[in-house]
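S.K.:
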Amino acid sequence: GGRADFKWEDVKNDQHRENYLGHSVMAPVGRWQKGRDLNWYTRTGDEATDAASIEAARKEELRRVKEAEEDAMAAALGLPVPVRNR
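UniProt numbering applies: residue 1 is where the sequence shown begins, and numbers increase by one.
(1) Under the assumption that K12 contacts V29 (Cβ atoms under 8 Å), give the Cβ distance between them as a whole number of angstroms.
(2) Between which two residues does the alpha helix (DSSP H) containing W40 stretch?
(3) Is Q33 helix, strand or coil when you go by DSSP?
(4) Between which residues of its own chain and E9 is the CB-CB distance below 8 Å, once the five residues before and five after are set aside?
(5) Considering only the alpha carbon of each residue, which of H23, D71 and L77 lies closest to R84?
(6) Note the first and the last residue of the continuous alpha helix (DSSP H) segment covering N19.
(7) What number of angstroms, rounded off, separates the C-alpha of E67 from the C-alpha of S53?
Laid out in C-alpha cells, this is it:
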C-alpha cells in the first residue's frame, strides 16, 4: 500500500505504532490522552483570552460559594447575615 491506502486508524491498531512519526498526536491510544488538548501548540492567542475568562468565571463562582458558606455559618451561629450586592 501507498499513500492512498494509509489511514491513521490503522496506525492506532498497529502493534508497532510507536514507529510512526506523529503517532502520539494523529493516533492517540490509551488513557494518557483523554481530556487533553493534544494540539495545544497550534492554538492562537484568542484561546488564551478565553482561558483567562474561564479562569475569571471560576474565581467568581468560588467567591460566590465562599460568601454563601459565610452567610450560612453566620445564620447558624445566630449572627447577622451581611447584606451583599449581587
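We treat Cβ as the ideally placed atom computed from N, Cα and C, and that holds for glycine.
Source: prediction; values computed, not measured.
M.R.: Quick answer:
(1) Working through the sequence shown from its first residue, we reach residue 12 at position 12. Working through the sequence shown from its first residue, we reach residue 29 at position 29. A Cβ-Cβ distance of about 5 Å is found for the pair K12 and V29, placing them in contact under the 8 Å criterion.
(2) Numbered from 1 along the sequence shown, position 40 holds the residue referred to as residue 40. Note, W40: premise wrong, no alpha helix (DSSP H); not H, not E.
(3) As a working mapping, residue 33 is identified with position 33 in the sequence shown. If DSSP states are grouped into helix, strand and coil, Q33 belongs with the helices.
(4) Along the sequence shown, read from residue 1 onward, the residue named residue 9 stands at position 9. These residues qualify, in order along the chain: A27.
(5) Here residue 84 is taken as the residue at index 84 of the sequence shown, counted from 1. Considering only alpha carbons, the answer is D71.
(6) Position 19 of the sequence shown, counting from 1, holds the residue named residue 19. Neither: N19 is in no alpha helix (DSSP H) and is coded neither H nor E.
(7) For the purposes of this step, residue 67 is identified with residue 67 of the sequence shown, where counting begins at 1. For the purposes of this step, residue 53 is identified with residue 53 of the sequence shown, where counting begins at 1. Using only the alpha carbons, I get a separation of about 21 Å.
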